[in-house]
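Each remark here refers to the structure printed beneath this line.
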Amino acid sequence: MGATKNKRPAGLAKEPAAPAAPQEKEGRAAKRQRLDAERRRLPAWSAREKLVELVKDNQVLVVIGETGSGKTTQIPRYLHDAGLAQGGAIACTQPRRVAAVTVAQRVAEEMGTELGGKVGYSIRFDDKTSPQTRIKYLTDGMLLREALVDPKLKRYKVVVLDEAHERTVATDVLFGLLKGVCAARPDDFRLLVMSATLDAAAFTRYFNGAQAAYIQGRQFPVQVMYTSAPEDSYVDAAITAALQVHCDERPGDILVFLTGQEEIEACERLISERGAALPPDPDRSALLVLPIYAALPPEQQLRVFEPTPPNTRKIILSTNIAETSITISGVRYVIDTGFVKSRSYSPRLGADCLQVTPISQAQARQRSGRAGREAPGKAFRLYTEASFQQLPASTLPEIQRTNLASVVLQLKALGIQDVLGFDFMDPPPRAALLRSLELLLALGALDTRGELTKPTGERLARLPVEPMYGKVLLASGEMGCAQEALAVVAMVSTDVVFHLPRGKREEAAEAHARFRSREGDHLTLLAVFRAYTDVSKKGHERASWCRAHFINPRAMRKAVDIHAQLKEHLVALGIPLQSCGEDSLPLRRALVAGLFPHAARRQMDGSYKVIATGQAVAIHPSSVLCGKKAECIVFNELVRTSKQYARDAVAIEAAWLPELAPAYFARQHANAGR
Ligand code: CDP
Ligand code: MG
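Just so you know, the sequence shown maps onto residues 1 to 674 in UniProt numbering.
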């Protein structure tokens, strides 16, 4: 799939006689040897003794090194090999799930052990560790969860906060927590902060003048090109640019930065189609298009790291994950669309928005740099130089722009009363913190003194979902529909399940129609979940069911997984797992009990207004409620494209709002109303 087959006529070979298919028959020993040799070539290798020494002598060390210098894969191992994990383990955090998994896999391979043995990973809804695990890669969010049950993180001798420059919310909170752990465990705890940006000052300052170590990287010159005029569609422009590079430029793989799974899948198809239609040229190598994004199954994620086959050019289509978290060798050309999809909280809307936004100048530089890791390279920026000049110099830390409810709840659960006074490296806006406190109060997680409530607050802090969904689950126990609520929350936590392949859109829409519920998307998703789990558990039967109904099988497997884990949590909390059968009423009421801050009411002109904020929203075209006339809805999230869209909505009765969230609506009515 995805490769154009341009067989080179015999005798025309231009490449030096390459050893035949070097990777295919490589035995275990040979592979270890190759990996060992690769390790020794990394910039981190020559710094390893010094690094170990510095860690022994300093409780906090800031390590700065270019992306690809071997920080993530090598440094935890150096510390392990030097005995620094003795009596405990080393944790290395990653902002992204994909990175945690692929890196753990790689390090296990390098060490010649099984994944889940000495080396493991832990991400939400997926844990591959055992009591033997000494080096554990985990998302920063997971380490934060672990801190809830083990505030001093006693099981770790060393914590490595990796990709610190990304400044995710979880990493920012961990900074504060780990500073406390350092103070509490002066003798048997070490902290490393690793970053790919050259500016260590913010980190060293925050950790009271901590020591910094620099890994001497290699970087070859990269020629940066801009478009002369703005592009109408960066996706089209990216496809054209990739094929142009393929036709005109010397060998070397191409890395294309796009914004998300759907876009990547579309590009993958179009590049393959258009690549196959290129006029034949015996000198042109074959094309191999490989996607990489968070929701891709791990086996497929690893394909991008496999060496490119002979006479082939790889085109890697990536989200910003390849910006700093992972390094793919062989890349000589970078195509930068200039966009990234990011989640941000809009205080005006009172909700998180997922939207495609322009990158920062720092990100643009980082992306271009990916072309010059092994040799001089070229970067094609699909925007004008003037637009580049207008980009913000650097990205705002996430904590400054997202919904903090979950973070504030966790801080409270950690016993940190004064969240406004928490030692944040860059404190979030006070208004955003206050708003999250308000939301948690409305959900009943905090009392009026701002203290965590028992049991609601404690339970919500433990559930690995946003507090609003957590509240839906808790309420469902009381309303006798926990089985349905579990399925719904699992379904909204997985990826898009409805598959609409090009050319078969109508057929697919027809297949989906049987699941449609007039009452809303949550009930529609519930119908899909029920139908899927009714099919025999045998993998192939479920797979063929998915094919027949145009349902994404991966997303369904993930939903089933999430469902199982959330169920365990509810059982542990003693929530009765009852079913409301075919009566949707209890479930819709449970949804209201958690999602009421996202309630919207229909206006005279058919548009909707969020009750809490007065903001106008439209129902997303993908919603079963689009074009219907539901009086009142609650929805999951807002998506901003041309308009503000409410995605995943369910029809409710307006009268339930003051009944299920009395304090909230009594207050809100004074502010907004219709
Ligand atoms: O963390 P940093 O960016 O400094 O580097 P790293 O992630 O440790 O990567 C070091 C090297 O390992 C790079 O050359 C990667 O290409 C390689 N690597 C790999 O081949 N496969 C992986 N799954 C992870 C890393
Ligand atoms: Mg790294």
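Where is the CB? At the ideal position from N, CA and C, for every residue including glycine.
Nearest in C-alpha terms to Val107, of all of Ala649, Pro76, Glu637 and Phe388, is Pro76. The residue from Lys71, Arg373, Gly83 and Asp187 with its alpha-carbon nearest to that of Thr93 is Lys71. 7 Å or more divides the Cβ of Ile321 from the Cβ of Val256.
In the pairwise beta carbon analysis, the segment 548 to 568 is classified as not touching the segment 619 to 637: fewer than three pairs are separated by under 8 Å. If you draw a straight line from the Cα of Cys546 to the Cα of Thr533, it is about 11 Å long.
Pairing Lys136 with Gly117 gives a Cβ-Cβ distance that is not under 7 Å.
For Pro291, the uninterrupted beta strand (DSSP E) run begins and ends at Ala286 to Ile292, by DSSP. Residue burial annotation: Asp232 is exposed, with fewer than 16 other C-beta atoms found within 10 angstroms of its C-beta. Cα atoms of Leu434 and Lys31: separation of roughly 54 Å, rounded to the nearest angstrom. Around the beta carbon of Ser642, fewer than 16 other beta carbons lie within 10 angstroms, which makes this residue exposed. DSSP links Lys378 through a beta bridge to Gln223 and Tyr333. Those residues that bring their Cβ nearer than 5 Å to a heavy atom of the ligand CDP are Thr67, Gly68, Ser69, Gly70, Lys71, Thr72, Thr73, Thr102, Arg106, Phe305, Thr327 and Ser329.
DSSP, read as helix, strand or coil, puts Glu49 in helix. In the displayed model, Phe339 falls within a strand according to three-state DSSP. If one requires a minimum length of 4 residues, the alpha helix (DSSP H) runs lying completely within the segment 261 to 320 are 261 to 276 and 298 to 302, in chain order. The criterion of a C-beta distance shorter than 7 Å is satisfied by Ile652 and Val592. 7 Å or more divides the Cβ of Val169 from the Cβ of Leu191. Taking a C-beta distance under 7 Å as the contact criterion, Val489 and Tyr469 qualify as a contact pair.
Secondary structure at Lys609: strand, using DSSP grouped into helix, strand and coil.
Under the 10 Å beta carbon count, Val571 is surrounded by fewer than 16 other beta carbons and is classified as exposed. Looking from the CA of Val356, the closest CA among Pro576, Arg430, Ala364 and Arg343 belongs to Arg343. Annotation: the segment 357 to 418 contains the following complete segments of the alpha helix (DSSP H) (minimum length 4 residues), in chain order: 361 to 369, 385 to 390 and 405 to 413. Judged by beta-carbon spacing, Gly65 lies within the 7 Å limit of Ile215, meaning their Cβ atoms are closer than that value. Counting the other CB atoms within 10 Å of its CB gives Asp605 a total below 16, which places it among the exposed residues. Every unbroken stretch of the alpha helix (DSSP H) spanning 4 or more residues and falling wholly within the segment 60 to 143 is given here in chain order: 71 to 81 and 97 to 111.
Cβ contact annotation for Pro221 (same chain, cutoff 7 Å, sequence separation greater than five): Gly372 and Pro376, in chain order.
Burial is judged here by how many other beta carbons sit within 10 angstroms of a residue's own beta carbon; Gly68 has at least 16 and is buried. For Thr227 against Leu382, the beta-carbon gap comes to about 6 Å, under 8 Å, which counts as contact.
The beta carbon of Ala364 lies closer than 8 Å to those of Asp336, Gly338, Arg381, Phe388 and Leu391 in the same chain, with the five residues before and after it left out. Just measuring C-alpha positions, the residue of Asn311, Ile575, Ala661 and Ala508 sitting nearest Arg589 is Ala661. Taking a cut-off of 8 Å for Cβ pairs, the segment 290 to 299 and the segment 257 to 276 touch, as three or more such pairs fall below it. Within a 10 Å sphere around the beta-carbon of Pro291 sit 16 or more other beta-carbons, which makes this residue buried. Taking C-beta atoms under 8 Å as the contact rule, His522 and Val650 qualify, at a distance of about 5 Å. In the structure shown, the three-state DSSP call for Gln33 is helix.
Here DSSP, grouped into helix, strand and coil, assigns Met425 to coil. Cβ-Cβ distances below 6 Å link Ala184 to Lys152 in the same chain, with the five nearest sequence neighbours on each side left out; the list follows chain order.
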